[in-house]
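Data first, discussion second: the structure below is written as structure tokens.
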Amino acid sequence: MIGVCLGLTGVLWAQLSVSHFTLAWDHTIEKIRWEEDYRVTEQGLVLEEARVRGNGAGMEVPDGAWLENGSWHYRRQLPPLQPLRLGRTPEAGDYQLCVDGQCHALSHWIGAPTARQPFIQMWTCKAG
0 MIGVCLGLTG
10 VLWAQLSVSH
20 FTLAWDHTIE
30 KIRWEEDYRV
40 TEQGLVLEEA
50 RVRGNGAGME
60 VPDGAWLENG
70 SWHYRRQLPP
80 LQPLRLGRTP
90 EAGDYQLCVD
100 GQCHALSHWI
110 GAPTARQPFI
120 QMWTCKAG
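19 is the number that numbering that gives the first Met the number 0 gives to position 20 of the sequence shown; each next residue is one higher, with no gaps.
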């Protein structure tokens with residue numbers, strides 16, 4: 000089974016046996032929640048849909064977005080991401096990884112964000 004690996008430059012810090020997940024965070028300035036739904040495939044992480052609960056500085060809602068339950072929903076046609084690089088610093092806060100409605104901060108698996116390690120990577124890997 001494939002899953003998701005978290006780490007840096009191929010160095011594995013954590014491994015999750017999931018087929019899909021939501022990555023969520025709060026915009027550092029506007030404090031507005033963003034969510035992205037990913038499907039895990041052999042080719043990489045496929046962004047299926049994204050949502051944002053408002054707009055503001057540097058957060059324009061894309062063309063074709065639709066408003067549903069207080070969030071703007073949209074889809075982008077991107078190739079599978081392998082790896083997905085996430086900026087992660089103490090000042091910006093942490094991402095949340097949600098699976099089957101249960102959300103946990105990435106620090107649950109890999110520790111708190113640090114200034115000396117300002118990003119991590121996520122990639123598709125064999126779950127073991």
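Glycine included, every Cβ here is placed at the ideal spot set by N, Cα and C.
Exercise. Of all the options H26, L46, D36, which has the alpha carbon lying nearest to the alpha carbon of P78?
Worked result: Numbered from 1 along the sequence shown, position 79 holds the residue referred to as residue 78. Minimum Cα distance to P78 is reached at L46.
For this session: Compare the Cα-Cα distances from I119 to each of G2, I1, T8, V3 and report the closest residue.
Result: Residue 119 sits at position 120 when you count from the first residue of the sequence shown. Closest option to I119, judged by alpha-carbon separation, among G2, I1, T8, V3: T8.
Problem set entry | Host beta strand (DSSP E) of H72 (start-end) | As a working note, residue 72 is residue 73 in the sequence shown. Counting along the chain, H72 sits inside the beta strand (DSSP E) bounded by residues 70 to 73.
For this session: Could you pull the start and end residues of the beta strand (DSSP E) that H19 belongs to?
Result: Numbered from 1 along the sequence shown, position 20 holds the residue referred to as residue 19. Element bounds for H19: 19 to 25.
Problem set entry | Opening and closing residue of the beta strand (DSSP E) in which I119 lies | Residue numbering aside, residue 119 sits at position 120 when the sequence shown is read from its first letter. 118 to 125 is the extent of the beta strand (DSSP E) around I119.
Problem set entry | Runs of beta strand (DSSP E) lying entirely within the region 34 to 101, each at least 3 residues, in chain order | Complete beta strand (DSSP E) runs here, min 3: 43 to 51, 65 to 67, 70 to 73, 83 to 86, 95 to 98.
For this session: May I ask which residues mark the beginning and end of the alpha helix (DSSP H) holding I31?
Result: The count along the sequence shown starts at 1 and reaches residue 31 at position 32. Counting along the chain, I31 falls outside any alpha helix (DSSP H), and DSSP gives it neither H nor E.
For this session: Go ahead and label V10 buried or exposed: buried means 16 or more other beta carbons lie within 10 angstroms of its beta carbon, across all protein chains shown.
Result: Position 11 of the sequence shown holds residue 10. So V10 counts as exposed.
Exercise. Going straight from the alpha carbon of S128 to that of L5, what length do you get?
Worked result: As shown, the chain starts at 0 and ends at 127. That puts residue 128 outside it, with no answer to give.
Exercise. How would you label T21, buried or exposed, when you count the other beta carbons within 10 angstroms and need 16 or more for buried?
Worked result: Numbered from its first residue, the sequence shown carries residue 21 at position 22. Classification of T21: buried, given that the 10 Å Cβ count is 16 or more.
For this session: Would you mind working out which of Q81, L83, H26, R50 sits nearest N68, comparing C-alpha positions?
Result: Translated into the one-based positions of the sequence shown, residue 68 becomes position 69. Closest by alpha carbon: R50.
For this session: Might you give, ordered along the chain, the residues of its own chain that have their beta carbon closer than 8 angstroms to the beta carbon of D93, omitting 5 neighbours on each side?
Result: Position 94 of the sequence shown, counted from the start, is the residue given in the question as residue 93. These residues qualify, in order along the chain: W24, R87, A104, L105, S106, A111, P112.
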